[in-house]
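Student:
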Ligand SMILES: [Zn+2]
């Protein structure tokens with residue numbers, strides 16, 4: 001069968017590999033149909049020296065497909081069911097796993113497509129406990145946005161930032177895969193959404209998604225604009241994933257007692273921040289990484305109800321690297337998906 005493997009820094013090759021054996025007890029075999037691209041793939045693709053892993057490695061951290069075979073003792077999943085796999089191989093036994101806090105697993109084997117073979121291959125065996133069913137009306141391309149993009153945003157906004165209807169939120173980089181999802185999810189519960197974009201064309205698209213105020217961060221200081229638009233009050237929540245380029249500005253946009261949640265740092269990894277501001281303003285800063293398995297189901301239910309992902313491009317598997325370059329260049333609006 002075909003797999004897309006990473007051999008070294010920016011060296012991706014479509015290769016023939018042995019298909020997996022029949023699924024063992026408690027396992028299912030998934031025929032992968034679509035893979036979502038994410039910044040974790042860009043880091044992986046750049047070879048990130050500190051990651052402990054063996055090359056070659058099948059890439060792809062977020063996917064959708066259908067059940068091709070079912071192992072002994074698996075209940076509730078049948079051949080042909082559309083499914084989404086969880087993106088990390090958790091233990092299923094530790095306290096965090098038992099309590100459904102899967103992304104805090106104490107004995108995780110790694111992230112698929114980054115530490116372990118990922119989903120950019122025709123067939124994958126996985127424990128059935130890591131697989132959720134896709135409701136009717138959601139196609140493979142849309143479902144391939146549930147495992148990371150939608151799941152991460154669901155976890156950030158509702159588990160971590162505890163966003164409430166009617167609150168105000170600043171979504172950084174509103175044209176990104178997670179930015180577009182955050183705008184739509186916040187608008188769906190009646191929040192006022194401020195968002196930043198890098199060009200006016202993206203600004204128009206963000207407005208069409210429902211963003212109330214769009215700020216071109218290349219033309220004006222977004223923190224000044226947010227403070228002006230909120231009559232110097234600031235917003236309840238900031239959705240961060242850019243990092244050093246926006247971090248201190250993001251904090252300046254918060255109300256006293258405001259919440260900042262972050263899941264990424266595409267512009268670098270270190271910031272300097274003012275601790276007086278942190279404690280005097282009583283900010284709450286939360287890190288968020290991936291999602292819980294339940295967040296994937298919540299995301300898929302939202303999609304089935306009409307809150308669909310914004311898809312920038314759909315490419316064949318062979319063009320995965322081209323998709324990553326497009327993601328890196330920040331020319332995207334929404335998600336890039338490859339299909340198998
Ligand atoms: Zn665990």
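In full-length UniProt numbering, the protein residues as written are 1 to 340.
Glycine is no exception: its CB is placed at the ideal position from the N, C-alpha and C atoms.
1. How big is the Cα-Cα spacing for residue 388 and residue 108?
2. Would DSSP call residue 241 helix, strand or coil?
3. Going along the chain, which residues of its own chain have a beta-carbon closer than 6 Å to the beta-carbon of residue 163, five neighbours each way excluded?
4. Taking only the alpha-carbon atoms, compute the straight-line gap between residue 77 and residue 64 and give it to the nearest angstrom.
5. Would you kindly work out how many angstroms separate the C-alpha atoms of residue 337 and residue 143, rounded to a whole number?
6. Would you tell me roughly how many angstroms separate the C-alpha atoms of residue 55 and residue 194, rounded to the nearest one?
7. Which residues bound the beta strand (DSSP E) around residue 335?
8. Is the separation between the beta-carbon of residue 59 and that of residue 28 shorter than 9 Å?
9. Under a Cβ-count criterion, where at least 16 other Cβ atoms within 10 Å of its own Cβ denotes burial, should residue 21 be classed as buried or exposed?
10. Could you compute how far the alpha carbon of residue 7 sits from the alpha carbon of residue 327?
11. Counting by C-beta, which residues lie closer than 7 Å to a heavy atom of ligand 1, in chain order?
12. Between the segment 180-190 and the segment 315-327, do three or more beta carbon pairs fall short of 8 Å?
13. Please say whether residue 12 and residue 2 have beta carbons closer to each other than 9 Å?
14. Near residue 270, which residues of its chain fall below 7 Å by C-beta distance, leaving aside the five closest residues on each side in sequence?
15. Checking the sheet assignment: what are the DSSP bridge partners for residue 121?
16. Compute the minimum distance between the beta carbon of residue 146 and the heavy atoms of ligand 2, and state whether it is under 8 Å.
17. Does the segment 133-143 come within contact of the segment 32-39, defined as at least 3 CB pairs closer than 8 Å?
Tutor: Reading it off the structure:
1. Outside the modelled stretch of the chain, which goes from 1 to 340, sits residue 388, for which no answer is possible.
2. Looking at residue 241 - three-state DSSP - the assignment turns out to be coil, as it is neither helix nor strand.
3. Sequence-distant Cβ neighbours of residue 163 in its own chain, meaning closer than 6 Å and more than five residues away, are 157 and 237.
4. Those two C-alpha atoms are separated by around 15 Å.
5. Residue 337 and residue 143: Cα-Cα distance of roughly 10 Å.
6. The C-alpha of residue 194 is placed about 42 Å away from the C-alpha of residue 55.
7. DSSP places residue 335 inside the beta strand (DSSP E), whose first and last residues are 335-339.
8. No. Outside cutoff.
9. Burial is judged here by how many other beta carbons sit within 10 angstroms of a residue's own beta carbon; residue 21 has fewer than 16 and is exposed.
10. Distance between the alpha carbons of residue 7 and residue 327 is about 20 Å.
11. Those residues are 90, 91, 92, 93, 94, 96, 97, 105, 106, 107 and 108, given in chain order.
12. Result no; under three Cβ-Cβ pairs closer than 8 Å.
13. At least 9 Å separates the beta-carbon of residue 2 from that of residue 12.
14. Listed in chain order, the non-local C-beta contacts of residue 270 below 7 Å within the same chain comprise 244, local neighbours out to five positions each way being set aside.
15. Note: residue 121 sits in a beta bridge opposite 3.
16. As presented, the structure is devoid of ligand 2, carrying ligand 1 as its sole ligands.
17. Yes, the segment 133-143 touches the segment 32-39.
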